[in-house]
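All residue numbers for the sequence shown refer to the numbering used here, where the first residue is 8 and numbers rise by one.
C-beta atoms are modelled at their ideal positions from N, C-alpha and C, and glycine is treated no differently.
Below you'll find the structure, written out as structure tokens, and then a few comments.
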Amino acid sequence: MDPVEKILSLEQMNQWVVAEKAAGRRIGFTCGSFDLLHAGHVEYLGKARELCDRLIVAVNSDASVSRYKNPLRPIVPERERMYVVAGLAAVDAVTLMEEDRPLSLLLRWKPDLYIKGGDYAEDSLRSGEAVRAYGGKVEVVKSGFDTSSSKLIQRIELLTAHAVPEVAAAPSFGGLVLLDRDGTLIRNVPFLHDPAKVEILPGVIDGLLKLQAAGLRLAIVTNQQGIGLGYYKVQDFIAVNQRLLRELGARGVRISKIYFCPHSLGEQCSCRKPATGMITRAMRDFGAKPEHTVLIGDSEEDMQAGADAGCQTVRVGEAAFGAAAEQILSLLAKG
8 MDPVEKILSL EQMNQWVVAE KAAGRRIGFT CGSFDLLHAG HVEYLGKARE
58 LCDRLIVAVN SDASVSRYKN PLRPIVPERE RMYVVAGLAA VDAVTLMEED
108 RPLSLLLRWK PDLYIKGGDY AEDSLRSGEA VRAYGGKVEV VKSGFDTSSS
158 KLIQRIELLT AHAVPEVAAA PSFGGLVLLD RDGTLIRNVP FLHDPAKVEI
208 LPGVIDGLLK LQAAGLRLAI VTNQQGIGLG YYKVQDFIAV NQRLLRELGA
258 RGVRISKIYF CPHSLGEQCS CRKPATGMIT RAMRDFGAKP EHTVLIGDSE
308 EDMQAGADAG CQTVRVGEAA FGAAAEQILS LLAKG
């Protein structure tokens, strides 16, 4: 069946439900935004269909999703979300739900089953009492997939902010500059997670432009133990980076990639500086030799990590980035 044929208006759904009930079929109802359809959705709708003879799916409208999830959601517009859901064999009929909650639709059609996917307790569903009052039953379907649209969006945001470097023509030196972030590029704020507190240090813009003009590739390598300690989340870290990248980009500076270690000191990982994990991975990704790589940072940990990875190192203070850039150019020119 063409998915379009399954998409019904409220009035069409009224008639459809009456006909299906008259034929003695058991009606199931579920609802959701289904923004970025994933394996968990497909599994739960398939299991829901096994509980009934006909399955109705009410898809939240764009306005509804914006209200109850996020003003920037949905990613996929309502018409397309309805079409994708209707394309699943487990789904018999699809309609648009303008309200945030399904109560009015449940009372309108009185399905035999109100089905939800996830980790809900049956008695925690706010519309469940009304369903049981008219003689219906509430069912909760568990998913075996540890995924969600929100997790997919977070992953996309992470990949967008930390893009894989593009393959480009070899620069004049064939060099790679690895930049510490806090205390090197921006003012060092303990456990920084507020984008409004991003402050690019003096000399950084001009210094980065010089390095970039010389054909050097720029990447950030940064310890972020605040994530591991629970002071902030990866999303907060990404938001800070997005602010930094916007400000740098507005001045013509392009950071090719960001490497970060989310682990606390106690986790003893191989990526947290002074360990070399982030540095060796960056050199591998960019195809850069250690002798053509310079790490610039403000701490002894930065210097040790660079030296242990076989790189050249330059230590910078909060007001000396311009001089450090000149030193990097000199080092790589000699190499």
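Look up residue i in the DSSP assignment and say whether it is helix, strand or coil.
| i | result |
| --- | --- |
| HIS161 | Looking at the sequence itself, residue 161 is Gln, so the reference to His does not match. It is helical. |
| MET20 | helix |
| PRO172 | Legend: pLDDT at PRO172 = 43, less than 50; position of this residue unreliable, value from coordinates given subsequently. Note: PRO172 maps to coil in three-state DSSP. |
| GLN319 | strand |
| GLU206 | coil |
| THR300 | strand |
| ARG194 | coil |
| THR287 | helix |
| PHE244 | helix |
| MET104 | strand |
| ALA226 | strand |
| ARG61 | strand |
| ILE34 | strand |
| LYS13 | helix |
| ASP69 | helix |
| ILE122 | strand |
| PHE328 | helix |
| MET8 | coil |
| LEU185 | strand |
| ILE262 | coil |
Between residue i and residue j, which are expected to be in contact by the criterion C-beta below 8 Å, what is the C-beta distance as a whole number of angstroms?
| i | j | result |
| --- | --- | --- |
| TYR266 | ILE234 | Not really, about 14 Å apart at Cβ, beyond 8 Å. |
| ILE262 | THR191 | With a Cβ gap of about 13 Å, ILE262 and THR191 do not count as contacting. |
| PRO81 | ARG74 | Not quite, the Cβ-Cβ distance comes to about 11 Å (not below 8 Å), so this is no contact. |
| ASN5 | GLY39 | There is simply no residue 5 to check, as the chain begins at 8 and stops at 342 in what is shown. |
| LEU62 | ALA55 | 6 Å |
Inspect the beta-carbon positions of residue i and residue j and report whether they are closer than 8 Å.
| i | j | result |
| --- | --- | --- |
| LEU15 | VAL148 | no |
| TRP116 | PHE36 | yes |
| GLU85 | LEU120 | no |
| LEU223 | MET290 | no |
| LEU114 | ALA137 | yes |
| LEU3 | VAL205 | Nothing about residue 3 can be reported from this structure: the residues present for the chain run from 8 to 342 only. |
| HIS270 | ARG279 | yes |
| SER134 | PRO118 | no |
| HIS299 | LEU236 | no |
| LEU132 | VAL98 | no |
Have a look at residue i and residue j and give me their C-alpha separation to the nearest angstrom.
| i | j | result |
| --- | --- | --- |
| THR154 | HIS45 | 8 Å |
| GLY313 | VAL301 | 8 Å |
| GLY329 | ASP309 | 18 Å |
| GLN311 | LEU336 | 21 Å |
| ASP201 | VAL64 | 40 Å |
| VAL25 | TYR239 | 52 Å |
| PRO10 | VAL92 | 8 Å |
| ALA96 | ALA140 | 31 Å |
| VAL72 | GLY214 | 45 Å |
| ILE245 | HIS48 | 27 Å |
| ASP305 | VAL241 | 23 Å |
| LEU43 | TYR90 | 12 Å |
| LEU112 | PHE152 | 28 Å |
| LYS13 | MET20 | 10 Å |
| CYS318 | ILE212 | 23 Å |
| ALA327 | GLY125 | 54 Å |
| GLU307 | ALA221 | 27 Å |
| PRO281 | SER157 | 34 Å |
| VAL196 | LEU79 | 29 Å |
| ASP107 | VAL83 | 17 Å |
| GLN22 | ALA29 | 11 Å |
| GLU50 | GLU274 | 36 Å |
Nearest to residue i by alpha carbon, out of the options?
| i | options | result |
| --- | --- | --- |
| CYS268 | ARG258, GLU254, THR283 | THR283 |
| ASP189 | GLY182, ILE160, THR229 | THR229 |
| MET285 | ASP187, VAL211, ASP201 | ASP187 |
| SER150 | LYS123, GLU136, LEU215, ARG139 | LYS123 |
| ASN248 | LEU183, VAL49, ILE193, THR320 | ILE193 |
| PRO297 | SER306, LYS280, GLU307, ALA316 | ALA316 |
| ARG322 | ALA340, LEU185, ALA257 | LEU185 |
| GLN334 | ALA257, LEU199, LYS217, GLY237 | LYS217 |
| CYS276 | LYS144, ALA340, GLY31, GLN232 | GLN232 |
| LEU255 | ASP292, LEU208, ALA295 | LEU208 |
| GLY324 | ALA257, CYS318, GLY210 | GLY210 |
| GLU27 | VAL196, ALA221, CYS59, GLU105 | CYS59 |
| GLU18 | ARG253, LEU103, GLY237, ASP107 | LEU103 |
| GLN161 | ARG288, ASP243, ARG253 | ASP243 |
| ARG33 | GLY94, GLU274, LYS144 | LYS144 |
| PHE293 | LEU225, ALA340, GLY94, THR320 | LEU225 |
| GLY94 | ILE163, SER157, TRP23, MET8 | MET8 |
| LYS264 | ARG288, SER156, ASP107 | ARG288 |
| ARG253 | ALA221, ALA295, ALA203 | ALA203 |
| VAL260 | ALA295, GLN219, TRP23 | GLN219 |
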